[in-house]
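Q:
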Amino acid sequence: MKNIDGNLIFDHAPRIASYASAVGKKEGEGPLRDWFDRIIRDSYAGKDTFEQAESELMTTAVRIALNKGDYTQEDIDLACCGDLLNQCVASSFAMRSYAIPYAGVYGACSTMALSMILSATAIESGAARRAVCAASSHYCTAERQYRFPLEYGSQRPPTAQWTVTGSGACVLEERSRITPNTKTAAHQTTLERLDSDDSAFPKRDKRPHPIYLHSARLGRIIDFRITDQNNMGAAMAPAAADTIYRYLSASESEVQDYDMIFTGDLGRVGSRLLRDLLSEKGVELGEHHSDCGVMIFDEDQDVHAGGSGCGCCASVLCGYILDKMRDGTFRNILFVPTGALLSPTTVMQKQSIPSIAHLINIRTNA
77 MKNIDGNLIF
87 DHAPRIASYA
97 SAVGKKEGEG
107 PLRDWFDRII
117 RDSYAGKDTF
127 EQAESELMTT
137 AVRIALNKGD
147 YTQEDIDLAC
157 CGDLLNQCVA
167 SSFAMRSYAI
177 PYAGVYGACS
187 TMALSMILSA
197 TAIESGAARR
207 AVCAASSHYC
217 TAERQYRFPL
227 EYGSQRPPTA
237 QWTVTGSGAC
247 VLEERSRITP
257 NTKTAAHQTT
267 LERLDSDDSA
277 FPKRDKRPHP
287 IYLHSARLGR
297 IIDFRITDQN
307 NMGAAMAPAA
317 ADTIYRYLSA
327 SESEVQDYDM
337 IFTGDLGRVG
347 SRLLRDLLSE
357 KGVELGEHHS
367 DCGVMIFDED
377 QDVHAGGSGC
387 GCCASVLCGY
397 ILDKMRDGTF
407 RNILFVPTGA
417 LLSPTTVMQK
427 QSIPSIAHLI
437 NIRTNA
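Heads up, the sequence shown is in the numbering used here, so the first residue is 77 and it goes up one at a time.
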């Protein structure tokens, strides 16, 4: 592993061996519905509380990811997971179902990338052979922790975003573990997707392209003095611009070298601002940028500026994006989730919102 001007280059490029996503009803009605493995239409997921429901989403995503790769708990050396709740309880309560060494991480909505970078580093160093990475969020848990009680029925401004109810999980594996008999992200097992009458539908199987983590970059904390918690896109866009620009500069690459640059949950407002900020630095995104928060919902679903939350980019990555890499549509992408590092306390104290963006370069050739 090398550090080149802040870019982390993995000498042995850990492989994304399997992956899965589980989402809620609203997400299952959006444009990416066919790429999610499980759609749970009950907001409580059969549990007593929304917090338990969020844990169930992660438990489900991890279980399906393990099943796809034909892995048992004993095959996994590390679980690196996170969410938006205080003390990361959604993740820790989910992972108590598994006898896997656990490291809870928090990077707000950038958590999925952070967990993957840390897991890849552990694999690269020899500290782990395989690791599970997962992140989750739930509209109801995030809304009442960060904003208002659900019963309050507050009006949301046009810049507000809708926290995604969902979770994504993937298994990273050292390259030396690849064998012809190993089940891969080709989804060689029947995948689960539940529609309104709880009937299961298999996805179409395809010959897979292997998927690797080639390099990464940990972001810096950037604060543009935004104080409005209902305008997260504006708060996070500067962090995304900073990380993308620094990665491109250090790697001596250009936007056109990548099939797509996926940001996590800038939404429509933040995505426009990102383009403006990079344009000022001489970087034009053109048709090479898409945002998971914009992709996951249709405009007529009344989510205002788009989706947000840890589960937003995690479920889109572990569904649509990796499926498209598996079938060869994408071969070289940048995955850049962003996180607003605020808390209810800092909002009440009227402090500005510091943000961060972590980046992963995912390729189908090592």
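Cβ coordinates follow ideal geometry from the N, Cα and C atoms, glycine included.
Since this is a predicted model, take the numbers as computed values, not measurements.
#1: Just how far apart, CA to CA, sit Ile152 and Ile176?
#2: Pull up the distance between the alpha-carbon of Phe86 and that of Val138, whole angstroms please.
#3: For Tyr396 and Pro90, what's the separation of their Cα atoms in angstroms?
#4: Return the CA-CA distance between Gly362 and Glu249, expressed in angstroms with no decimal places.
#5: Would you mind giving the Cβ-Cβ distance between Ile92 and Ile287, rounded to the nearest angstrom? I have them listed as a contact below 8 Å.
#6: So, at 6 Å on beta carbons, what are the nonlocal neighbours of Tyr178 in its own chain, with the 5 sequence-adjacent residues on each side left out?
#7: Against chain C, with Cβ distances strictly below 7 Å, would Leu154 count as a contact?
#8: What residue range does the alpha helix (DSSP H) around Gly369 cover?
#9: In three-state DSSP terms, what is Asn306?
#10: Are the beta-carbon atoms of Gly309 and Val331 separated by less than 7 Å?
#11: If you draw a straight line from the alpha carbon of Pro413 to that of Phe126, how long is it in whole angstroms?
#12: Among residues of its own chain, excluding the 5 on either side of Glu130, which ones have a beta-carbon nearer than 6 Å to its beta-carbon?
#13: Please determine, among Gly106, Asp352 and Val99, the residue with the shortest C-alpha to C-alpha distance to Tyr120.
#14: Just to check, is the beta-carbon of Cys156 closer than 6 Å to a non-hydrogen atom of the ligand ZN?
#15: Return helix, strand or coil for Ser291, following the three-state DSSP convention.
#16: Taking 7 Å as the threshold (C-beta atoms), are Ala311 and Ser384 in contact?
#17: Suppose you measure from the CA of Lys426 to the CA of Asp304; what does that come to, to the nearest Å?
#18: Taking the alpha-carbon of Ala196 as reference, which of Val379, Ala292 and Leu142 has the nearest alpha-carbon?
#19: Run through DSSP, which three-state label would Met192 get?
#20: Checking 7 Å against the spacing of the C-beta atoms, do Ser355 and Met336 come in under that value?
#21: Looking at the unbroken alpha helix (DSSP H) that takes in Met401, where does it start and where does it end?
#22: Mind the definition here: the segment 187–203 touches the segment 432–439 only if three or more C-beta pairs lie below 8 Å; say whether that holds.
#23: So, with DSSP's three-state summary, where would you put Ile297?
#24: Rounded to the nearest angstrom, how far is the Cβ of Val247 from that of Gly387, given a contact under 8 Å?
#25: For the alpha helix (DSSP H) that contains Glu375, what are its first and last residues?
A: According to the data block:
#1: The residue labelled residue 152 in the question sits at position 76 within the sequence shown. The residue labelled residue 176 in the question sits at position 100 within the sequence shown. Going by the C-alpha atoms only, they are around 7 Å apart.
#2: Taking the sequence shown and counting its residues from 1, one reaches residue 86 at position 10. Taking the sequence shown and counting its residues from 1, one reaches residue 138 at position 62. Rounded to whole angstroms, Phe86 to Val138 spans 25 Å at the Cα level.
#3: As a first step, residue 396 is located in the sequence shown; it is residue number 320 there, counting from the start. As a first step, residue 90 is located in the sequence shown; it is residue number 14 there, counting from the start. Answer to the nearest angstrom: the Cα atoms are 20 Å apart.
#4: Here residue 362 corresponds to residue number 286 of the sequence shown, with the count starting at 1. Here residue 249 corresponds to residue number 173 of the sequence shown, with the count starting at 1. Between Gly362 and Glu249, the C-alpha separation is close to 34 Å.
#5: The residue given as residue 92 occupies position 16 in the sequence shown. The residue given as residue 287 occupies position 211 in the sequence shown. At roughly 4 Å, the Cβ-Cβ gap stays under 8 Å, so Ile92 and Ile287 are in contact.
#6: The residue labelled residue 178 in the question sits at position 102 within the sequence shown. Cβ neighbours of Tyr178 beyond the five flanking positions: Ala155 and Met171.
#7: Here chain C cannot be found, since the structure has a single protein chain.
#8: Taking the sequence shown and counting its residues from 1, one reaches residue 369 at position 293. Element bounds for Gly369: Cys368 to Met371.
#9: As a working mapping, residue 306 is identified with position 230 in the sequence shown. In this structure, Asn306 counts as coil in the three-state DSSP scheme.
#10: The sequence position of residue 309 within the sequence shown is 233, counting from 1. The sequence position of residue 331 within the sequence shown is 255, counting from 1. No. Outside cutoff.
#11: Residue numbering aside, residue 413 sits at position 337 when the sequence shown is read from its first letter. Residue numbering aside, residue 126 sits at position 50 when the sequence shown is read from its first letter. The alpha-carbon atoms of Pro413 and Phe126 are separated by roughly 24 Å.
#12: Locating residue 130 in the sequence shown gives position 54, counting from the first residue. So the list reads Ala166, Ser212, His214 and Thr217, once near-sequence residues are dropped.
#13: Indexing the sequence shown from 1 puts residue 120 at position 44. Closest option to Tyr120, Cα to Cα, is Val99.
#14: Absence of the ligand ZN is noted for the structure shown, with no ligands found whatsoever.
#15: As a first step, residue 291 must be located in the sequence shown, where it is residue number 215. Residue state, collapsed to three classes: strand.
#16: For the purposes of this step, residue 384 is identified with residue 308 of the sequence shown, where counting begins at 1. For the purposes of this step, residue 311 is identified with residue 235 of the sequence shown, where counting begins at 1. Against a cut-off of 7 Å, the Cβ pair of Ala311 and Ser384 comes out as no contact.
#17: On the sequence shown, position 350 is the one that residue 426 refers to. On the sequence shown, position 228 is the one that residue 304 refers to. Each residue's alpha carbon lies about 9 Å from the other.
#18: To locate residue 196, count along the sequence shown from 1; it is residue 120. Ranking Val379, Ala292 and Leu142 by Cα distance to Ala196 puts Ala292 first.
#19: Taking the first residue of the sequence shown as position 1, residue 192 is located at position 116. If DSSP states are grouped into helix, strand and coil, Met192 belongs with the helices.
#20: Numbered from its first residue, the sequence shown carries residue 355 at position 279. Numbered from its first residue, the sequence shown carries residue 336 at position 260. Not a contact, by the Cβ cut-off of 7 Å.
#21: For this step, residue 401 is matched to residue 325 along the sequence shown. Run containing Met401: Leu398 to Arg402, per the alpha helix (DSSP H) assignment.
#22: yes
#23: Numbered from its first residue, the sequence shown carries residue 297 at position 221. Correct three-state label for Ile297: coil.
#24: Here the question's residue 247 lines up with position 171 in the sequence shown. Here the question's residue 387 lines up with position 311 in the sequence shown. About 18 Å; that fails the 8 Å criterion.
#25: As a position in the sequence shown, residue 375 is number 299, starting the count at 1. Neither: Glu375 is in no alpha helix (DSSP H) and is coded neither H nor E.
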